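In my numbering, the protein residues as written are 20 to 77.
Here the structure is laid out as structure tokens; the discussion comes afterwards.
This is the structure in structure tokens:
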């Protein structure tokens with residue numbers, strides 16, 4: 020079972036987060052700059068996601 024989904028700011032949408040919550044998957048997504056009240060996320064996990072993404076794209 021998937022415990023968490025790591026994504027970049029482009030996936031920060033209430034509809035997307037609601038679907039993840041319904042599936043009991045933690046959304047680890049930084050808040051988009053247009054969001055009035057940022058939703059907290061695990062910054063340490065986001066750093067690892069970013070590192071892995073850069074390694075795969077190099």
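For glycine and all other residues, C-beta sits at the position ideal for the given N, C-alpha and C.
Every value quoted in this text rests on a predicted model; they were computed, and no experiment measured them.
| Asked | Found |
| --- | --- |
| Length of the line joining the Cα atoms of residue 75 and residue 56 | 32 Å |
| Residues bridged to residue 71 [DSSP beta-bridge criterion] | Paired residue(s): none; residue 71 is not in a bridge. |
| Span separating the alpha-carbon of residue 77 from that of residue 65 | 18 Å |
| Three-way DSSP call (helix, strand, coil) for residue 40 in this model | helix |
| Alpha-carbon to alpha-carbon, residue 54 and residue 25 | 18 Å |
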